[in-house]
Amino acid sequence: MGSMSESLDQQAVAKYHLSRRGAYNSCFRDVWGPREKFGLNIYSPTHPEGLILLRLAENSLLHKDIAEFFREQLTILPTEHLTYSTGPRGSFRLRKTLARYLEKEFESTTPITVEDLFITPGLTSAIDSVVFALCDQGEGVMVPEPLYNGFKIDITHRADANIVSVRYEELDGYTGFDDMFKPEFTRKALESALTRSRAQGINARAVLVSNPHNPLGRCYPSETMTEFIKFCAANDLHFISDEIYAKSVFENPAIPAECQKFTSALSLDWQRLISPMCFHVLYGASKDFCANGLRLGVVYTKNTGVLASMSSIGAFSWAPHALQDVWAAMLDDHEWRRRMHKKNITLMKENYEIITKFMREHDIGYYEMNAGLYIWADFRRFLFPQTERAGANFSTLKVGGPQAQTFEKRELRIADICIDKGVMISPGTSYMSSEYGWFRITFTAEKSLLEEGLRRIWKALQDPEVAGWR
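If you number the sequence shown the way the UniProt record's numbering does, the last residue is 470 and the count never jumps.
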């Protein structure tokens with residue numbers, strides 16, 4: 001920590017009578033506290049001046065369907081779920097149902113039992129608990145960049161581990177994001193990141209993969225997933241696959257064929273590649289079931305030590321069994337679930353066409369995707385004054401470059417101007433992007449809401465301050 005952060009720590013210790021760690025968290029890690037005011041000012045037909053949230057990865061396309069299912073189908077079975085029941089590892093009902101679901105839908109090559117699964121209140125808790133079990137303070141988890149910004153919370157806030165960035169853009173022959181999904185580039189990027197972490201004195205303990213990728217919105221091919229696992233096995237690392245967007249995948253002809261289909265790590269012949277002690281897969285209800293607020297996730301692992309470690313702190317993050325019955329009911333109703341997923345994919349494709357049409361009409365670049373709830377939008381030219389955009393040199397936008405401070409301020413300022421215009425989107429710096437000017441925009445909002453949000457974004461980009469940067 002630098003002198004400024006240490007000074008703020010000391011002020012917080014004195015003012016609030018906190019511990020040093022409590023003061024640090026209060027000053028630098030309270031992500032949701034400042035967001036609360038935005039949550040009280042949300043757009044609605046009766047409150048049109050409210051904020052349109054295209055920042056969070058939420059799918060509201062089927063909220064009415066999901067709510068109706070809850071009203072019609074929700075029962076608490078058995079009534080023991082109103083007690084402590086079987087404890088923090090999760091209800092047998094949900095774990096049995098998830099075992100069948102993961103075996104079939106994720107095409108698992110090995111049988112999955114109730115004993116292999118641990119239920120958590122969302123994947124934030126799942127990743128935190130797994131990293132807490134695997135890493136000592138200051139050790140590292142390797143993650144490809146750009147990365148889901150929530151990983152910074154999941155990995156660092158309680159487990160106090162470090163993110164070791166896996167950077168592709170530094171490799172010879174790198175031409176763009178497509179290379180991130182190729183096995184040969186992945187192997188080289190992993191090797192480079194491991195060498196760098198050792199030079200920095202960080203002991204890497206695991207590789208965490210987001211598949212489908214967040215924020216790039218593509219699936220890793222099976223060959224690349226295999227490369228991740230083989231690298232972990234060769235270097236005595238744990239392999240962790242976050243597969244929360246597994247069913248939020250639609251066809252897009254613009255995507256390379258090898259990235260069209262979701263391939264779960266469970267569907268690979270992983271038992272021949274890595275020790276079962278080092279293989280872990282995560283899934284959750286938030287995205288594919290359009291229910292971020294349900295806060296339910298699952299960890300699959302054969303490592304009984306990891307499960308015991310998670311169980312030891314499970315009382316601090318115990319998903320209520322009565323709530324687990326909700327997800328179990330959705331999973332058990334196979335016909336409803338198939339209809340829901342089919343409808344969700346149809347609506348996602350329609351909204352993707354809306355946002356990409358907007359991008360083309362306004363000459364805004366974007367990375368073609370087909371998985372997840374968001375698009376990776378290219379606002380790089382808007383970091384330059386309007387008079388300089390025609391000949392803008394994007395190479396100057398590199399993070400760490402001579403003009404990094406200027407461009408970072410402009411990127412963050414665009415996000416703030418969007419808020420002023422009534423819409424929230426995510427700047428690329430929060431995803432550890434290697435260059436400034438990229439934004440993640442969620443498109444799985446109700447159509448009229450998405451269209452109004454896009455109009456507000458364009459209004460922000462036309463703001464006089466953006467046109468005439470000084």
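Ideal Cβ placement from N, Cα and C applies to all residues, glycine included.
The structure presented is a predicted model; accordingly, all values stated were derived computationally and were not measured.
- If you compare the alpha carbons of D378, K343 and S395 with that of L461, the shortest gap goes to D378.
- V306 and E361 have their alpha carbons spaced roughly 50 Å apart.
- Close CB contacts of V31 within its chain, under the 7 Å cut and outside five residues either way in sequence, are with I153 (chain order).
- Within the same chain, and ignoring the five residues on either side of Y245 in sequence, the residues whose Cβ sits closer than 6 Å to its Cβ are P212, K287, A371 and G372.
- V209 places its beta carbon 7 Å or farther from that of M142.
- The C-beta separation of L331 from L98 comes to about 7 Å, placing the pair in contact by the 8 Å criterion.
- Counting the other CB atoms within 10 Å of its CB gives I42 a total below 16, which places it among the exposed residues.
- The alpha-carbon of R410 is positioned some 8 Å away from that of V466.
- Ranked by Cα distance from V423, the first of E435, E408 and I441 is I441.
- Contact between F443 and L450 is confirmed by a C-beta separation of about 6 Å, below the 8 Å threshold.
- Beta-bridge partners of V164 (DSSP): M142.
- When DSSP states are grouped into helix, strand and coil, Y43 belongs to the coil group.
- With fewer than 16 other Cβ atoms from the protein chains shown falling within 10 Å of its own Cβ, F316 counts as exposed.
- Cβ-Cβ separation between H341 and K247: approximately 5 Å, consistent with a contact (criterion under 8 Å).
- Residue pairing by DSSP places S210 opposite D242 in a beta bridge.
- For T301, the beta-bridge partners assigned by DSSP are H280.
- Around the CB of G428, 16 or more other CB atoms lie within 10 Å, so the residue is classed as buried.
- Inclusion of I425 and L54 in the CB contact set at 7 Å is warranted, their separation being smaller than that value.
- If the five residues before and after E139 are omitted, its C-beta is found closer than 8 Å to the C-beta atoms of A161, N162, I202, N203, A204 and R205, all from its own chain and listed in chain order.
- The alpha-carbon separation between G468 and E72 amounts to approximately 55 Å.
- Boundaries cannot be given for T110, as no alpha helix (DSSP H) includes it and DSSP labels it neither H nor E.
- When the five nearest sequence neighbours on each side are left out, no beta carbon in the same chain lies closer than 7 Å to the beta carbon of D236.
- In the DSSP assignment, Y366 falls within the unbroken beta strand (DSSP E) covering G365 to Y367.
- For Y374, the enclosing beta strand (DSSP E) begins and ends at Y374 to D378.
- Around the beta carbon of T46, a 10 Å sphere encloses fewer than 16 other beta carbons of the protein chains shown; the residue is thus reported as exposed.
- Counting the other Cβ atoms within 10 Å of the Cβ of T186 gives 16 or more, which makes it buried.
- Non-local C-beta neighbours of P276 in its own chain, meaning closer than 6 Å and more than five positions away in sequence, comprise K302, ordered along the chain.
- Using a Cβ distance threshold of 7 Å, P183 and T224 count as a contacting pair.
- Taken atom to atom, the span from the alpha-carbon of E408 to that of Y436 is near 6 Å.
- Secondary structure note for I313: it is in no alpha helix (DSSP H), with a DSSP letter that is neither H nor E.
- Taking C-beta atoms under 8 Å as the contact rule, F118 and V326 fail to qualify, at a distance of about 18 Å.
- The three-state secondary structure of S426, taken from DSSP, is strand.
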